[in-house]
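Since the structure comes first, as structure tokens, the remarks are kept for the end.
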Amino acid sequence: MSHRRALALGALTASLCLPSTAFGIDEVNSKKLRDAVTVNGILQHERAFQGIANANGGTRASGTPGYDASVAYAKQRLQKAGYKVTEQSFDFAFFRELGPASLSQVSPTAKDYETETFEYSGSGTVTAKLQEVKDNLVPPTPEPSSTAGCEAADFAGFTTGNVALIQRGGCDFGVKVDNAAAAGAKAVIIFNEGQPGRTGLMAGTLGAPKTLPTVGLTYDDGSALALQLRGGADVTVEVTTSTESETRQTKNLLADTKAGNADQTVVVGAHLDSVIEGPGINDNGSGSATILEIAEAMSEQKVKPRRAVRFAFWGAEESGLLGSEHYVTTLPAEKLTQIYANLNFDMVGSPNYVRFVYDGDGSDTPVAGPPGSGEIESVFTRYFAGQGLASEPTEFSGRSDYGPFIAVGIPAGGLFTGAEGIKTPEQAAIFGGTAGLAYDPCYHQACDTMNNLNVNALNEMSDAAAHATLTLATSKTGLFPDGSRKAARDKSKAKRFDGNHASD
0 MSHRRALALG ALTASLCLPS TAFGIDEVNS KKLRDAVTVN GILQHERAFQ
50 GIANANGGTR ASGTPGYDAS VAYAKQRLQK AGYKVTEQSF DFAFFRELGP
100 ASLSQVSPTA KDYETETFEY SGSGTVTAKL QEVKDNLVPP TPEPSSTAGC
150 EAADFAGFTT GNVALIQRGG CDFGVKVDNA AAAGAKAVII FNEGQPGRTG
200 LMAGTLGAPK TLPTVGLTYD DGSALALQLR GGADVTVEVT TSTESETRQT
250 KNLLADTKAG NADQTVVVGA HLDSVIEGPG INDNGSGSAT ILEIAEAMSE
300 QKVKPRRAVR FAFWGAEESG LLGSEHYVTT LPAEKLTQIY ANLNFDMVGS
350 PNYVRFVYDG DGSDTPVAGP PGSGEIESVF TRYFAGQGLA SEPTEFSGRS
400 DYGPFIAVGI PAGGLFTGAE GIKTPEQAAI FGGTAGLAYD PCYHQACDTM
450 NNLNVNALNE MSDAAAHATL TLATSKTGLF PDGSRKAARD KSKAKRFDGN
500 HASD
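If you read the sequence shown in numbering that gives the first Met the number 0, its first letter stands for residue 0, the second for the next number, and so on.
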């Protein structure tokens with residue numbers, strides 16, 4: 000799950016209640032498929048992903064051999080199951096920190112600072128004089144108002160070869176660094192702005208690979224350096240970063256059923272990549288293994304879908320949903336209109352889990368999905384209710400690969416068992432687990448291994464995912480009231496009547 004998108008969980012309305020929708024998809028008996036989708040099968044795929052990570056530096060991140068091996072594994076399984084498999088390659092901005100950053104004042108007073116590397120920072124060691132740019136506001140205003148470094152004019156009089164000291168605020172960090180590079184800076188220090196909530200150690204993303212080493216500082220440390228300079232001190236600093244930051248190629252893996260109406264394709268997706276820091280066995284080996292198991296089970300059961308199903312394994316989700324965004328934005332208009340719905344499964348095995356369902360109709364959270372999303376939500380909640388299991392709505396927060404689909408009006412839905420959010424006492428009473436702890440304490444860490452999975456979560460969520468996939472693929476009624484077979488027949492009769500009338 001991408002860490003770049005803010006998470007805002009919906010209202011805590013966990014219950015067995017069904018969301019109100021004006022139209023319901025007809026029930027589909029999914030028992031045979033659910034019986035064929037097993038936890039053992041999912042864990043088989045997860046063990047393969049773990050082995051791949053172990054053999055490739057502990058990661059399966061896009062742009063690394065571990066990701067390429069994950070693609071090869073899923074591709075081989077899907078081809079063996081009889082799917083038409085294609086790869087969709089694209090370039091993306093790859094970043095990896097090879098070692099921690101360091102920042103120290105060399106003179107007039109030796110001092111080491113706590114610091115962090117900005118994502119997409121350049122790499123190297125720079126020892127040079129420190130220089131403020133214009134519009135650093137020390138002390139800060141009551142409300143955020145700094146625009147330091149946002150314009151080339153902020154670097155008027157800047158001495159080539161110096162290290163730029165820039166306050167947060169007013170524009171993207173990447174803009175500040177680009178302006179610093181154009182002014183001849185050799186490294187950049189960005190310190191926090193100083194208002195409540197904007198005082199701690201500064202870190203962030205530069206948006207794309209940069210050449211200048213770029214590190215962060217707290218407001219207190221940054222403002223102290225600024226005051227030193229304003230007092231006439233000649234300050235020399237040493238900045239060190241160790242990074243890889245470059246454009247690399249990665250890919251999406253797409254597997255299509257041979258049967259089904261391609262004009263109403265159901266895209267069932269999960270991101271295949273991990274973060275650099277770990278193997279990503281829950282995030283998102285769990286989602287990838289689940290849809291891979293569903294795809295194989297559908298083939299084994301010889302399911303003949305009414306609508307075509309495309310299983311999509313997205314690349315570079317952890318870099319900002321780049322795989323799904325590339326897929327959606329590069330589809331020709333006529334192909335885009337053929338996408339019937341998107342199902343998204345990102346983290347479905349969290350150890351301290353909640354059965355979260357995306358709130359398609361927006362009845363419990365601030366953001367509703369496009370029309371049809373409420374009906375997809377109902378498929379999940381009705382299923383859980385029928386199993387005697389509670390579920391809880393979670394909003395479309397933009398943190399996963401459904402984002403590009405709902406941005407162009409495609410109905411979407413899916414499941415989630417929780418990331419770094421903290422389980423409440425109310426949730427613990429309903430779903431079990433431990434209140435006060437994260438849903439996934441190993442989120443985006445090296446400990447996201449096979450030991451980080453809850454098999455009960457995998458069992459319950461994979462059955463729900465299989466049920467929803469089969470329902471959207473085979474239901475006679477569609478997401479909307481005019482989607483049934485009967486309505487289609489009535490429409491056909493009306494056309495014939497109109498034609499006969501015209502010939503009278």
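Built from N, CA and C at the ideal position, the CB exists for glycine as well.
Residue nearest to Q194 within the set A151, A163, L136 and K209 is L136 (criterion: CA-CA distance). Residues V36, A465 and T468 of the same chain have their beta carbon placed closer than 6 Å to that of I293, with the five preceding and five following residues left out of the count. Sequence-distant Cβ neighbours of L414 in its own chain, meaning closer than 7 Å and more than five residues away, are F344, V347, F355, V356, F379, M460, A463 and A464. CA-CA distance, D134 to A202, rounds to 20 Å. Counting other Cβ atoms within 10 Å of its Cβ, Q263 reaches 16 or more and is therefore classed as buried. Counting C-beta pairs with one atom in each stretch, the stretch 326-335 and the stretch 115-127 have fewer than three that are closer than 8 Å, which means they do not touch.
Counting only the Cα atoms, G173 lies some 12 Å from I188.
Taking the CA atoms as reference points, P392 sits about 46 Å from V238. Between the C-alpha atoms of T140 and G199 there is a straight-line separation of about 17 Å.
Counting C-beta atoms within 10 angstroms of its own C-beta, R381 has 16 or more neighbours from the protein chains shown and is therefore classed as buried. For G286, the CB contacts under 6 Å within the same chain, skipping 5 residues up- and downstream, are A269, F344, D345 and V347 in chain order. When only Cα atoms are considered, Y352 and G402 end up about 23 Å apart.
At a Cβ-Cβ threshold of 8 Å, E374 and L452 do not count as neighbours. Ranked by how close their Cα comes to the Cα of R309, the residues N251, G284, E317 and K475 have N251 in first place. Around the beta carbon of V125, 16 or more other beta carbons lie within 10 angstroms, which makes this residue buried. When E192, A418, S145 and F94 are compared, the shortest CA-CA separation from L436 is found for A418. Scanning the stretch 334-418 from its first residue to its last, the whole beta strand (DSSP E) runs of 3-plus residues come out as 338-344, 355-357, 391-393 and 411-415. With a contact defined as Cβ atoms closer than 8 Å, T114 and A100 qualify at about 5 Å. Fully enclosed alpha helix (DSSP H) runs of no fewer than 4 residues occupy 172-181 and 218-229 of the stretch 164-239, in order along the chain. DSSP places R309 outside any alpha helix (DSSP H); the residue lies instead in the beta strand (DSSP E), whose first and last residues are R306 to W313. Contact check for G259 against R306 passes: the beta carbons are separated by less than 8 Å.
With contacts defined as CB atoms closer than 8 Å, G62 and F93 qualify as a contacting pair. Of the residues assessed, K31 falls on the exposed side of the cut-off, its CB having fewer than 16 other CB atoms within 10 angstroms.
Between the beta-carbon of P107 and that of D233 there is about 7 Å, and that keeps the pair under the 8 Å contact cut. Its chain contains T256, A258, G259, A472 and T473 as the residues whose beta carbon lies nearer than 7 Å to that of P304, once the 5 sequence neighbours on both sides are disregarded; these appear in chain order.
A distance below 6 Å between beta-carbons, with the five flanking residues on each side excluded, links R247 to the following residues of its chain, in chain order: G62 and F93. The C-beta distance from T235 to V105 rounds to 4 Å, short enough to fall under 8 Å. When DSSP states are grouped into helix, strand and coil, T329 belongs to the helix group. Cβ neighbours of N55 within its own chain (closer than 8 Å, five residues either side excluded): T63, P64, G65 and A68. In the three-state reduction of the DSSP assignment, F157 falls in the coil class, being assigned neither a helical nor a strand state. With fewer than 16 other Cβ atoms from the protein chains shown falling within 10 Å of its own Cβ, D171 counts as exposed. In the structure shown, I280 falls within a coil segment according to DSSP collapsed to helix, strand and coil.
Rounded to the nearest angstrom, the gap between the Cα atoms of G98 and Q78 is 40 Å. The stretch 174-183 and the stretch 143-157 touch, with no fewer than 3 CB-CB distances between them shorter than 8 Å.
Taking a C-beta distance under 8 Å as the contact criterion, V267 and A311 qualify as a contact pair. Take I280, set aside five residues on each side of it, and the residues of its chain with a beta-carbon closer than 7 Å to its own are E45, F48, Q49, D447, T448, M449, N451 and L452, in chain order.
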